[in-house]
Structures are given as structure tokens and as C-alpha cells.
Amino acid sequence: MKRLATGGLGIDRTQPLSFSWNGTALRGFAGDTLASALLGAGVRVLGTSVSAGRPRGIMSAGLEEATGFAQVTRAPVEEPLVRTTALPLYEGLSARGRIVKGALVPTRDPARFDWRYAHCDLLVVGGGAAGLAAALEGARAGARVIVAECAPVLGGALRREARHINGAPAEAWLAAAEHELRAAPDVAVLTGTTAVMPLDQNGMWLAQRVGGALPEAARGARPEQRLWQVRARAIVLATGALERPLVFPDNDRPGIMLAGAARHYLRQHALAPERGVLFTAHDDAYRTALAWLEAGVSVTAVVDMRPPGTSALRAAVRAAGVRVFDEAQVVGTDADVHGALRAVHVRTGDATLTLETDLLATSAGVDPNLHLHLHLGGTSTYDTRLGTAVPSAPLPGQWLAGAVTGRLTLADALAGGATAARAALGLAGEATPPGTDDVDEDLPGLMWQVPAPDGDESRSFVDLHRDATVAGLWRAVDAGATHVEHVKRYTLVGTGVEQGRAAKVLAAALVAARAGHAAAAVGTSGSRPPVEPIPFHLVAGRAQGARFEPIRTTALHAEHVALGAVFEPAGPWLRASRYPRPWETLDDTVRREVRAVRTGVAVADVSTLGKLDVRGPDAAWVLDQLYVTPLASLPEGKARYAVLCHLDGSILDDGVVMRTGAQRYFVTTSTGHAAAVAEWMEEWLQTEWPDKRCWVTPITEQFTTVAVVGPDSRALLARVAPGLAVDREAFPFLAVRTATVAGIADAQVARVSFSGELAYEVSVPWHDGPTLWRALLAEGASLGVTPYGLDALQVLRIEKGYLIVGQDTEALTTPHDAGLGWMVPTRKPFVGRRSLERIAPRADGRAQLVGFRSNDPHLVIPEGAALTSALGEPPMPIDGHVSSSRYSPTLACALGLALVRDGRARLGEVLHAPLLDGRVASVTLVDPVHYDPEGARRDGATTNE
157 MKRLATGGLG IDRTQPLSFS WNGTALRGFA GDTLASALLG AGVRVLGTSV SAGRPRGIMS
217 AGLEEATGFA QVTRAPVEEP LVRTTALPLY EGLSARGRIV KGALVPTRDP ARFDWRYAHC
277 DLLVVGGGAA GLAAALEGAR AGARVIVAEC APVLGGALRR EARHINGAPA EAWLAAAEHE
337 LRAAPDVAVL TGTTAVMPLD QNGMWLAQRV GGALPEAARG ARPEQRLWQV RARAIVLATG
397 ALERPLVFPD NDRPGIMLAG AARHYLRQHA LAPERGVLFT AHDDAYRTAL AWLEAGVSVT
457 AVVDMRPPGT SALRAAVRAA GVRVFDEAQV VGTDADVHGA LRAVHVRTGD ATLTLETDLL
517 ATSAGVDPNL HLHLHLGGTS TYDTRLGTAV PSAPLPGQWL AGAVTGRLTL ADALAGGATA
577 ARAALGLAGE ATPPGTDDVD EDLPGLMWQV PAPDGDESRS FVDLHRDATV AGLWRAVDAG
637 ATHVEHVKRY TLVGTGVEQG RAAKVLAAAL VAARAGHAAA AVGTSGSRPP VEPIPFHLVA
697 GRAQGARFEP IRTTALHAEH VALGAVFEPA GPWLRASRYP RPWETLDDTV RREVRAVRTG
757 VAVADVSTLG KLDVRGPDAA WVLDQLYVTP LASLPEGKAR YAVLCHLDGS ILDDGVVMRT
817 GAQRYFVTTS TGHAAAVAEW MEEWLQTEWP DKRCWVTPIT EQFTTVAVVG PDSRALLARV
877 APGLAVDREA FPFLAVRTAT VAGIADAQVA RVSFSGELAY EVSVPWHDGP TLWRALLAEG
937 ASLGVTPYGL DALQVLRIEK GYLIVGQDTE ALTTPHDAGL GWMVPTRKPF VGRRSLERIA
997 PRADGRAQLV GFRSNDPHLV IPEGAALTSA LGEPPMPIDG HVSSSRYSPT LACALGLALV
1057 RDGRARLGEV LHAPLLDGRV ASVTLVDPVH YDPEGARRDG ATTNE
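Okay, so the sequence shown: first residue is 157 according to our numbering, each after it adds one.
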């Protein structure tokens, strides 16, 4: 194609713009897209296809584009797989051809992407004639309206036509409509904005290109792109229709383009071929021939697969002296030295002609753009007149208007848009649509493919993006893949970033023909969100780096900082992992903290443990039903370790349930599962037991909890809580008391332990946490009190064989697998019980939690390392994996926990762990409880008081 000296309603020739393509400097005009600028600069070949390596160029002007994708580069930002037909040209734009595969840069992307939330009465998707008519009705009714148009400008297909509305050029109506909408106080007109994903309850994601459509100097503080999350009272889908290409040998060459696209480039961008040929089964291609003739372009011929017709469009082309070949076919094409189109071979009734041309415009009809309609389960039916799918009925809260319904005239678009908006807003009366100049057309020919004269269908392309050919479809069908979804996966038709928008109907029709089925019975393959590729950066918005999620810290965070703590993430929290002294290595610090717990007294901030207040007359019954552990019988002032299961019997979480009153429980969860457990309880209360009088309140942030641990913990607690009886008989294991601690009234003290030592967990109001912490350190100074963090806690709990759900369990781990079968009652009902009674959860071969010791006492086996009993060449059979692993200073050896197939029956067996550095470690399976298996130390049996 070439740029004509005059014309081009969409470009401003007074504003030339410089850009680069594959490193070559080129020029275009304001109003160009990257696609039109490339065509105007004489770039016909964009690159080569993904698997066949064949040259490819631009084949459309809109959403149908299958090959015109680019990597937009602007150091240090790069955006892959941008559709060139949607990207406005701007000064300094730099891009590389990327037909299918994008590329990611290894550096951090500093570009800013924003989110915005909006509510409206009417969301109109599509800014063509139907969408604008709908938006005008809403604006005039005073409704809050949002119009989303994926193209850089409004108008849709109307911009490529020389049409009249109410006797005046359509451009005048379009300009007046846009002016009225932009002037309306409650209307937002969003161009360059694609509706990418519908949501439940009439929601919609809109991806808007903002700064990414402007030159560097004009971007200012604007984000690259903005993701709108819109909730609308009503949605009008005016998404239009997509033109369908024809399949014939060598139909993929650069210079073969949809007829509507050729007309768009002429009218909006003054782009035309030297000599054009049209190949069609649809009257719309004749509009392109007439437009070319009006612009002075040589139209070599129109090749029509249909019999002769009587439509005004066909007659006008014939009257202009253009050769029209009825019942003819393009049976092949030739390329120049660059791979671009040079000539076409036309088979007429009595001969085969070779016609030289630099552009072949094709049209097999149109397909309603149903993607958004289908995403939420909208249905479609086969229209035998159009040979494609049309919507059966709109979804609740949505209306359809214009070509998306299968009604293709301008009058249908204007009337349908206005009617849909009035119905969506509940307006009385009927709209009065403007007059149009529609003409009658001959029926489209339901013709999909021209058979290759030599029988070689490997050059007849159905999906240009995926290099899928007729030959590939035939292989799929002949192999038995007659369902369109199976064919899609066999051939990859429709699996590219553009989802085969120009290929799916063709593929379905060809499959039907090969399989001997009716096209209506085969249907088309499904559509998946998003409609267009969007960057993950856009989905994340500003939620990246430090903003990815709120950093939650405990009330003692400043105290830990003052002590020089090193922090690490734990679920949503930042927790102290250790408190190093200046001269210590990491191992030195952990060993010192572990030794303090085992031989003296230490304190840890455990405020991040999830806490739930569960209360009400039915609280005991609810907890008893939810947890495996019997809880209805739990006395006041006592605590019990409890396990929670999913419906399938797998472990959801564990924790301690404390009964603090007749109808009140203090329930703890693991740090990472606090929200999940609260949601699980609420789900059962709201859906299964709505009549139960039980209320669940998350209270994690209401309390500071400090663990006081070690043989001397009883002595320290007595100093800070002189009014509390702390001797073994008065305060036994799993007892819960209320006392004044460090001058803080009504502190809760529970005798529970996650280390195996004598221990207490003291909970006080959040803001009193620093007072408690300082008092413990001050009163415990003479006892050598030591703060300890997560690193030491891991060592301590592994030594005792205490599991962490999610680390020492897998998705299907049951209480029996985790060695907690003793907790499962024989008769009490609980969630997951029926699943646990099946054979599978107790079958041989399940992964069971066991302990292990490294046979090299100083070699800590990496967590996640595979364990095998049969060393050899990969792949080796895997018997299990290491779930937790540390060096134990108490036992002077490396040890851990592992999930091993039939592990409990294999204690004493030696397994091997191939390491990433090439070494092979060996471990011996042992009982999970490495230290103090009798549990004597939890009562302070060895005390230094």
C-alpha cells in the first residue's frame, strides 16, 4: 500500500511523527495507528510466523488482527504483544515485530499502572453507531453513563464508510454525538479502552491506555495504563461484528487483507494499493471496490464465489467497468523476493488467470463479536443466513445492540442501540432513530475454503497466528477429534493471544464439513477472558514491592527493632527471626536462643497467631462440629489442642481452643490461616447452620501475646504476676487463667507450649504489649531472660515433632497421615469425618509425617529435598520429601521432619537425598519426636528455680 497525496479523514498531515520499527527510523502522521503508519511507510512484512517461518504482514484494521503484533520498547520499559491496529502513533514510538512470542526484560519495570473504581447507571461497551445511540439515550435521560471504545477514536465501522444519516454525511452525526456526550456532566467517554473481562453482578474490567498512547514529553504524571473496575446497573454490549477471511492456498502472504480493513485504511489514513483485487463471498467487499475507484485506485478485478446477483452494490461496480468474475475462486498467490504478495491466480469457469496486484482484499462475511457475552455463560445459536453464531438472549442486566446481534444495517445499529438503552434504563416510550441510506444486499455465500488444486492443504491457513492449516484440521478430524474443543487443542486454532477471532468460525465450519456434520451442530470453540492480552503489571496496579500487601507489624515491633532484631515475613506479618549480637554468626545466634529456651528462660512475640472470639449459646456445638477434637466437653478455664479439616478430610489448620466462659471461647490459629479459618467458620454458620446462635469475631489485632518459655518461666511469671498461683498443681498444663500481669488487669495466661518446655502464653490488650514486654525483660534480667525469634522457634518445634500446617502437610494430608490419628474420635461427628472413613485416606502408600536424622550430623538437608530409596540415573522413584530441617544444638545433629510414603512403617530405614550441588546425602527415618518423647519437660520437671 502507499499513502495517497490527499485524503485521510483520520490523520493530520500538519503533524508528522517520527517512530522506529526494528531499529529503522520511519515517519507517519498524527491520527495514525502503528499499523497504518507501517503501511504508509511501505513496511509490508512484519516478521515470520511462529512455526512455518512464513512472512506475515498486517491483515486487518481492528480486533481481527492475527499477525500484526509488536514489542513496544521505551527503555527501561517494554510491553510485549501489543496489537498494532490499536496502538496510536506518537512521537518517538519504538517497536519491534513480534508476531506471536513477546519478550520480557530482566529488569524491574518502573512504569506506573493504576486502578480506578467506578459505578454507573449504564455501561456501553462499543463506540460505534449502536453504542453511541445507546449512550445518547442514557445521557439525555440524565443517567450516569460510561462509554468504552477499544479504538483510539469513536465511530467503529462507521468511520470506514461514506454513509449518510438524516441526509447528511455520517461524520457530521458522529461529531455531534461525540460533542454531546463529552459535554454531558455525568458521561465518561473512554477511548483506547478495551472491555477485557466481565464480572459477576454486572461488573466489567476496562483496560485503558493512558500515558502509553502519548509521547514521553506529554505523559507527565499519567499512568501507562489504567484498569477500571466498573459496576453498572445495566450494560449494553454494542461490540459489533468481525470480518471473516477466506481460506485458500497461500492466503497468508503480506498484502492479503480483509476488505473492510482496506476500506478503513483508505478512508481514515489515505492508504491504497497500486492495483487492488477483491475476493469475496459477501457484498461488503464491493464497497471497498467503489471506495478505491472513487480514490483513483486501479481495481483489477472482483472475484466473487457466489452466482451472479442483483444487489445495487454489485451493479455499481460492474457499471464502473470493473471486471467481476462470478462463481470464481482465488486458487493461489505468488510472492515477491521479500515474501509479500505479487500476484493472484484466479480460476474462472473456463480458465485460470494470473492477476498482478499488491493487495488482495477478502471477505467471507462477518461474525458477531460475542466474547464478552460468552464469558459469563451467555448462549448462542447458529444463524443459517449468516453462517455464524448469534446470541440467543442477553444475560440478566445486559442488553445487546447492533451488529453483535446479527443485524448488520446502519438503521439496525442506530435503532437497536437506542432501544436497548431505553429498555436498560426503564424509560417509557420508543426511540425515534435517524434516517439512513442502507441498501439491499445479496445474501452472503456460506463458503469457507477453496480446495488446493494440487491437494496440498498445508499452505491453506485457517489461523494465521498459530500457523494452523486445513491439513492440520483434517489430521485432527481423521484422528477422531471431531469435537471443536478437541480440534482446538489438537491444532492450537484459537489458542493465541487474539483467541482466533478471525479463525474460529472458519475452523468449526471446516471441521463440520470434514466430519460430515451440520455446521450448527459443531458450533465454535469457547472464549476466555481477558478479551485482549493485558500486562500483569496492570492487574497488580500499584500493589507491587512494598505496596504489594500491607506490612503488618505487632505492637512490639519497635521493641524488637531496639534489640537489633532481624525480620522476616510470616504470612501477612513481619516477625523477628532472631536477635543477633554484633560478634555472632547466624548459627551462633540461633544456638544461643535455643539454649536459653532449653536451660533457662526466654520470651517470644507470638502476637501474630490468629485469634478468634467465638461466643453464644451454640458456640460449644458449632466448634464441636467443626473441629476433629471433642470440644463440647472442654471445661471452663481449660485449653485443648484442636485440628480443623476440610470436607475431604485433609487438614485445614490446627491451634488451641480455650474455653474462657460458659458460652465463650478464645480460639487460636496458625499465623497464615487466621483469615481462612474465620471465613470457614462463617461459611458454615451462614450456609449450613444459620439458626445457630454463635458469633465469630477475628481479634488477632486486639491482643499482644508473649510466650514465656523455659525451665525458669514459672519463676519469671511469678515475678510479673505475684497474685497468680503458678505452681504445678494450681496451674497445670493446658489451664487458662485471668490475672494482673505487669500491672495490666485481666491479662489472659495459658499454659501451652510449642517448644516442649514449661511455657505460658500471656495475652494483654494490644496497646499494653510494650508494658508487658519491658516488664518481662526487666524482671527476668537476673534469670538471664533471652528474646528469641522464628529461627530458634523452628528448631525447638522440629525437635519436638510439632508440625506447621502447610509446611509439614500437603493438600491431601489427613490427621492420620500427620500422626494425629489418636485425636480422631470414634463417634463424634465433625466436618470431614465421612471422607476420613473412606478406604482411600487409610490406604497403603500415603505420605506420612516422620522424623529423620542426617547421617552426616553437620549436614542440614535442604527443605523440599526429594528422598529416595533407589539411587540411580534420573528419573528416580521418589519416596517423599523433606518438609522441615534444621541443626539441633540440643542434640548436636541435623534433623527434621519429612513426608514419606508409608513412613511410619519404615522407621530405621535409610533414604537418600540428591542435592542440587551434585552431592547425595543420606538420612535415617525416626520417630517425629526427637527430644523428650515422654513430655516431662513441659511441666518444668527440670527446673532451675
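Just so it is clear, CB atoms sit at the ideal spot from N, CA and C, and this is done for glycine as well.
Source: prediction; values computed, not measured.
Report task. Let me know the secondary structure DSSP gives Gly396 once reduced to three states. Result -> coil
Query - Same chain only: Cβ atoms within 7 Å of Gly163, ignoring 5 sequence neighbours per side - result: Ala426, Ala451
Requested in this report: Please report the residue range of the beta strand (DSSP E) in which Phe910 lies.
Outcome: From DSSP, Phe910 is part of no beta strand (DSSP E); its letter is neither H nor E.
Query raised in the report: Counting pairs of beta carbons, one from the region 468-486 and one from the region 388-398, are three or more of them closer than 8 Å?
Result: no
Requested in this report: Alpha carbon to alpha carbon, how far is Gly636 from Arg630? Give it in angstroms, no decimals.
Outcome: Per the sequence presented here, residue 630 reads as Trp, with Arg not at that position. Those two C-alpha atoms are separated by around 10 Å.
**Report entry** Proximity below 8 Å, CB of Ala1054 to CB of Leu1015
**Finding:** no
Query raised in the report: Under the criterion of a Cβ to heavy atom distance below 7 Å, does Arg893 qualify as lining the ligand NAD?
Result: No copy of the ligand NAD occurs in the structure displayed, which carries no ligand at all.
Query raised in the report: Anyone know if the C-beta pair for Tyr1120 and Ser869 falls short of 8 Å?
Result: With the chain represented from 157 up to 1101, any question about residue 1120 goes unanswered, as that position is not in the structure.
Report task. Can you grab the Cα-Cα spacing for the pair His275 / Val343, in whole Å? Result -> 11 Å
Query raised in the report: Can you tell me where the alpha helix (DSSP H) with Gln819 in it begins and where it stops?
Result: That residue, Gln819, is in no alpha helix (DSSP H); it is neither H nor E in DSSP.
Query raised in the report: Counting contacts by CB-CB distance shorter than 8 Å, is Ser826 in contact with chain B?
Result: No chain B is present in this structure, which holds just one protein chain.
Query raised in the report: Ordered along the chain, which non-local residues of its own chain (more than five positions away) have a Cβ less than 7 Å from that of Leu779?
Result: Val770, Leu787, Val813, Tyr821
Query - 6 Å CB neighbourhood of Pro1089 in its chain, flanking five on each side removed - result: none
Query raised in the report: Given Leu719, which residues of its chain have a CB within under 7 Å of its CB, disregarding the five upstream and five downstream residues?
Result: Tyr735, Pro943
Report task. Enumerate in chain order the residues of its own chain whose CB-to-CB distance from Arg389 is below 6 Å, with the five nearest sequence positions on each side excluded. Result -> Asp277
Requested in this report: Have a look at the DSSP bridge pairing and note the partners of His320.
Outcome: Pro325
Report task. Could you name the residues that DSSP lists as bridge partners for Arg1009? Result -> Leu1051, Thr1080
Query - Coarse secondary structure for Met353, derived from DSSP in three states - result: strand
Query raised in the report: Within 10 angstroms of its Cβ, does Gly1001 collect 16 or more other Cβ (buried), or is it exposed?
Result: exposed
Report task. Could you check which residue in Trp840, Phe404, Val661, His531 has the C-alpha nearest to that of Leu393? Result -> His531
Query raised in the report: Mind checking whether Arg409 and Asp598 have CB atoms under 8 Å apart?
Result: no
Query raised in the report: Apart from the five residues on each side of it in sequence, which residues of its chain come closer than 6 Å, Cβ to Cβ, to Pro405?
Result: Gly488, Ala608, Arg615, Ser616
Query raised in the report: Candidates Leu383, Gly1052, Glu1029, Glu993: which alpha carbon is nearest Gly1020's?
Result: Gly1052
Query raised in the report: Would you report the Cα separation of Arg239 and Gly224, rounded to the nearest angstrom?
Result: 6 Å
**Report entry** Whole-number beta carbon distance between Asp1095 and Arg930, since they are thought to touch under 8 Å
**Finding:** Contact flag wrong, Cβ pair sits at about 28 Å.
Report task. Can you say whether Tyr246 is buried or exposed, counting buried as having 16 or more other CB atoms within 10 angstroms of its CB? Result -> buried
Requested in this report: Return the chain-ordered ranges of every alpha helix (DSSP H) run that is complete within the region 706-774 and spans a minimum of 4 residues.
Outcome: 713-718, 742-755
Query - Reference Gly573; option with closest CA among Ser205, Val303, Val695 - result: Val303
Query - One or two residues paired with Val301 in a DSSP bridge - result: Leu278, Val343
Report task. Measure the C-alpha to C-alpha separation of Ala289 and Gly166 and round it to an integer number of angstroms. Result -> 22 Å
Requested in this report: Within the region 505-565, note down every full beta strand (DSSP E) run reaching 3 residues or more, in order along the chain.
Outcome: 508-512, 515-519, 522-524, 536-539, 544-547, 554-556
Query raised in the report: Just to confirm, are Ala587 and Trp555 a CB contact at a threshold of 8 Å?
Result: no
Query raised in the report: Who does Gln485 pair with in a DSSP beta bridge?
Result: Arg503
Query raised in the report: Looking only at C-alpha atoms, which of Val941, Gly477, Ala297 sits nearest to Ala340?
Result: Ala297
Query raised in the report: With a Cβ-Cβ cutoff of 8 Å, do His420 and Ala520 count as a contact?
Result: no
Query raised in the report: In three-state DSSP terms, what is Met360?
Result: strand
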